[in-house]
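Shown next, in structure tokens, is the structure this report addresses.
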Amino acid sequence: LDLYDIDAHIGMTCAACARRIEKVVGKLDGVEMVSVNFATEKASVKYDAKKVRVSAIEDAIVKVGYKAIDTS
Ligand code: 9UX
178 LDLYDIDAHI GMTCAACARR IEKVVGKLDG VEMVSVNFAT EKASVKYDAK
228 KVRVSAIEDA IVKVGYKAID TS
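Position 28, counted from 1, in the sequence shown is what our numbering calls 205; the numbers after and before it change by one each time, with no gaps.
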């Protein structure tokens, strides 16, 4: 299992939206851990590179209306 970290600026500012993003990203196959911090507006994601691409994770975030600017 290859686990990588993404740190992304996602432009949300409240706890409800942080949970929403965690839910959506957490459903993706291959995502092992996702933690969204609304104070810093950042998401931290641990994922299995054999199962999911970074672009798919970013697309999922953008699809629900946020930004996904990689700051890793
Ligand atoms: Mo919170 Mo979400 O203030 O779109 S409602 S970031």
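Where a beta carbon is used, it is the ideal one built from N, C-alpha and C, also for glycine.
Around the beta carbon of TYR181, fewer than 16 other beta carbons sit within 10 angstroms, so the residue counts as exposed. Between the alpha carbons of TYR224 and ALA192 lies a gap of roughly 23 Å. For ligand 1, a non-hydrogen atom lies closer than 7 Å to the CB of THR190. Residue burial annotation: VAL239 is exposed, with fewer than 16 other C-beta atoms found within 10 angstroms of its C-beta. Each residue's CA atom was taken as its position, placing VAL241 and ILE198 some 8 Å apart. Under the DSSP assignment, SER212 falls in the beta strand (DSSP E) whose first and last residues are 208-214.
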